[in-house]
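Take the sequence shown: its position 206, counting from 1, is numbered 510 in this note's numbering, and each next residue is one higher.
Note that CB positions come from ideal geometry on N, CA and C, so glycine has one too.
First up is the structure itself, then whatever we jot down about it.
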Amino acid sequence: MLTRKQKVVVAMSGGVDSSVTAGLLVEQGHDVQGVSLRMWEGETGPRVCSDHRGAKEIASLLGISHTLLDLRSQFVETVVKPFAQDYLHGRTPNPCVACNRDFKLGSLLRWAREQGADFVATGHYARVMRVDSASRASLFRGADRGKDQSYFLFSLGQDQLAHALFPLGEMQKTEVRARARQFGLPVAERPESQDICFGDYKALVESYADESELRSGEVTDRSGKVLGQHSGIHRVTVGQRRGLGISTGEPLYVVEIDDETKQVVVGKKDELSCAGMTVQSVTWIEFPDEAEIEAEVQIRYRSAAIPCVIRPNSDGACEVQFGEAFPAVTPGQAAVFYRGDQVLGGGWIERALRT
């Protein structure tokens, strides 16, 4: 908590979390300005998690100003196009990481500084801690483990963490709704929003693809036997079972996608099992100076972290060995490293290491 009055810009989506975030900061006596990010328009595309009109109404109820910041062109270049390219190359991306790093705590932080603000606050369930103003900021899971969003924030830099406020980090969701009712906010009982804004993504990906990138290919088993045809590798993901257009009398899952040959390899469920993975473009918030780092890794937002050993390389990549076999490691997804509740860092899954 801030110990003296500060000018704070709050990222407001119109939902209960960001609305209560703004309310708490107003209650604490800070100079608060609400901002919503306009990042998309049109029917085909991401359901960007922001209700501009609702956010403006909430800001008015709280007695603060509200600004709509237009970031549409940057969002397309920084998030949408890379998202499409990942799918077109057989990866399964997680756009929320880039959205948080480059927009909610990137573009918005730069804009806030132009307005003379020192901090940006969001409704994330995560915690930032530091011993004093001269020490490094550390990132931790939110107290509500069922809502924890630290997974999406692993790539934040020190400057971003030092100027980020997460007022909900120590709260439970039930407490947040209770405070919304106390503030008299109409969103107190609003249902949970979707975690991923790119719902039916296929049409979006195809709208950003060349015809050559959409070609069909073979569906084979691990021996190379052709079982059928697919209509584009962007339409399948590792671990997928349904919608493959093949019938063999037994359940088969996508175990590998070959970007070069456009071949989709399927196998039985146990063929998804992995002993580890390689992770690229690793960034560290807290780097343990150890040749082999014992930690936990989380490879999907809703999955539990599992024990692992991390072996960093000199090129910003690392090899991760799991403490036990893990199913369906998906290239393109984020792998986030923890020790207890503390986020050490993370990167992007390059490939699975099979058992």
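Membership of residue 391 in the alpha helix (DSSP H) is indicated by the continuous run 385-392. In the DSSP assignment, residue 479 falls within the alpha helix (DSSP H) that extends over 477-487. Taking C-alpha positions only, residue 452 is separated from residue 529 by approximately 43 Å. Bridge partners of residue 532 according to DSSP: 523. Of the residues 371, 445, 485, 469, the one whose Cα lies closest to the Cα of residue 454 is 445. In terms of CA proximity to residue 608, 626 leads the group 626, 597, 620.
A direct Cα-to-Cα measurement between residue 489 and residue 319 gives close to 10 Å. Bridge partners of residue 571 according to DSSP: 557. Contact between residue 541 and residue 634 is confirmed by a C-beta separation of about 6 Å, below the 8 Å threshold.
Of all alpha-carbon atoms in 568, 636, 400, 641, the one lying nearest the alpha-carbon of residue 382 is that of 400. Beta bridge pairing from DSSP links residue 372 with 340. Looking at the DSSP output, residue 597 bridges to 614.
In this structure, residue 486 sits away from residue 447, with a CB-CB distance that is not shorter than 9 Å.
Annotation for residue 540: no alpha helix (DSSP H) segment contains it, and DSSP assigns it neither H nor E. With 16 or more other Cβ atoms from the protein chains shown falling within 10 Å of its own Cβ, residue 651 counts as buried. DSSP places residue 630 within a strand segment (E or B) once states are collapsed to three. One thing to note: residue 468 has its Cβ within 9 Å of the Cβ of residue 424. Of all alpha-carbon atoms in 592, 478, 519, 335, the one lying nearest the alpha-carbon of residue 646 is that of 592. For residue 464, the number of other beta carbons within 10 angstroms of its own is at least 16, and it is reported as buried. Taking the CA atoms as reference points, residue 631 sits about 16 Å from residue 569. Bridge pairing for residue 335: 311 [DSSP]. For residue 535, same chain residues with a beta-carbon under 7 Å away, outside a window of 5 residues either side, are 520 in chain order. DSSP places residue 445 in the strand class (E or B) of the three-state scheme. Counting C-beta pairs with one atom in each stretch, the segment 570-579 and the segment 541-561 have three or more that are closer than 8 Å, which means they touch.
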